[in-house]
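For reference, the structure is listed below as structure tokens.
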Amino acid sequence: MPAVTSPEQLFEHELQDMYYAEKTLTKVLPKLAEEASDRELSRAFSSHLKETEGHVSNLEKVFRSIGKTPEATPCPGIEGIKKEHDEFVRTSSPSSAMLDAFLTGAASRAEHYEIAAYTGLVSQARALKQREAVELLQENLKQEKDALKKVETISKRLLKDAKAGNGRTAARS
Ligand SMILES: [Fe+2]
Ligand SMILES: [Fe+2]
Numbered sequence: 014m015p016a017v018t019s020p021e022q023l024f025e026h027e028l029q030d031m032y033y034a035e036k037t038l039t040k041v042l043p044k045l046a047e048e049a050s051d052r053e054l055s056r057a058f059s060s061h062l063k064e065t066e067g068h069v070s071n072l073e074k075v076f077r078s079i080g081k082t083p084e085a086t087p088c089p090g091i092e093g094i095k096k097e098h099d100e101f102v103r104t105s106s107p108s109s110a111m112l113d114a115f116l117t118g119a120a121s122r123a124e125h126y127e128i129a130a131y132t133g134l135v136s137q138a139r140a141l142k143q144r145e146a147v148e149l150l151q152e153n154l155k156q157e158k159d160a161l162k163k164v165e166t167i168s169k170r171l172l173k174d175a176k177a178g179n180g181r182t183a184a185r186s
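Per my numbering, the very first residue in the sequence shown carries number 14; after that it's consecutive.
So this is what it looks like as structure tokens:
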């Protein structure tokens, strides 16, 4: 990575990091939609996939608005969240109800990560007086916040169902 010595360069680096994260999520979300047994949760993943594709294209617009070519730089943060999911699924033989509950937690972690990243990016764009970038990044931020609320609501319902014994308890092979 070239030396980062200006706010413009830092902004570009953070954009590249988020571009990588969003692109990763477009590959992960279809798998999560398939893994989830609960229909509302599965649908939430599918609809957030569409939004995530929009996040990728908004980021491409932000790059262009500052005269840069979209480029991704590996984001260990999102890779870590993904790895945590993969290991749990591989080693914990969760029942379908517990897998669904776990997926809501994994999704919340990803949304919190994205919310933190976009909050920072909006502040940076604002400080750099990049008005178009501010608007595009705020659009993404708003959808991440809405997605978090949705998954938190589903999570509460799933946990209540599980506690009441309505959850499916069969272990997944
Ligand atoms: Fe996103
Ligand atoms: Fe998201």
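The beta carbon of each residue, even a glycine, is placed where N, CA and C say it ideally should be. Bear in mind that the values here come from a model prediction, so they are computed numbers and not experimental data.
request  = Measure from the alpha carbon of LYS63 to the alpha carbon of each residue in ASP174, ALA138 and ALA160, then state which is nearest.
outcome  = It is ALA160 whose Cα lies nearest to the Cα of LYS63.
key: Completely contained beta strand (DSSP E) runs for the region 95-126, where each covers 3 or more residues   = Entirely contained in the region 95-126, not one beta strand (DSSP E) run reaches 3 residues.
* Which residues mark the beginning and the end of the alpha helix (DSSP H) in which VAL75 is found? -> Annotation: the continuous alpha helix (DSSP H) that includes VAL75 extends over 52-78.
Checklist entry - Is it the case that the CB of ALA130 approaches a heavy atom of ligand 2 more closely than 6 Å? => result Distances between the C-beta of ALA130 and the heavy atoms of ligand 2 are all 6 Å or more.
Over the uninterrupted alpha helix (DSSP H) stretch that includes VAL41, give me the two end residues.
Element bounds for VAL41: 20-48.
DSSP on VAL17, reduced to helix/strand/coil? For VAL17, the secondary structure class from DSSP, reduced to helix, strand or coil, is coil.
Discussion item. In whole angstroms, give me the CA-to-CA distance for ALA57 and GLU84.
Written reply: The C-alpha of GLU84 is placed about 28 Å away from the C-alpha of ALA57.
task = Could you please give the first and the last residue of the uninterrupted alpha helix (DSSP H) stretch that includes LEU154?
result = Counting along the chain, the alpha helix (DSSP H) containing LEU154 begins and ends at 144-176.
CA-to-CA distance, THR18 to THR166, given in whole angstroms: Between THR166 and THR18, the C-alpha separation is close to 42 Å.
Item to complete: Pick out whichever of LYS158, ALA146 and GLN156 has its Cα sitting closest to the Cα of LEU72.
Response: Selected option, being the one with the closest Cα: ALA146.
query: Are the beta-carbon atoms belonging to LEU134 and LEU150 less than 7 Å from one another?
result: Inclusion of LEU134 and LEU150 in the CB contact set at 7 Å is warranted, their separation being smaller than that value.
THR37 beta carbon less than 7 Å from that of ILE91: Cβ atoms of ILE91 and THR37: closer than 7 Å.
Q | Straight-line gap, HIS26 to ARG144 (C-alpha atoms, nearest Å) | A | One C-alpha to the other measures close to 18 Å.
query: Would LYS74 count as contacting chain B if we go by Cβ distances under 7 Å?
result: Structure shown: chain B not included; a single protein chain is present.
Exercise for review: State yes or no: is the C-beta of ALA49 nearer than 6 Å to some heavy atom of ligand 2?
Suggested key: Checking every heavy atom of ligand 2 against the Cβ of ALA49, none is found closer than 6 Å.
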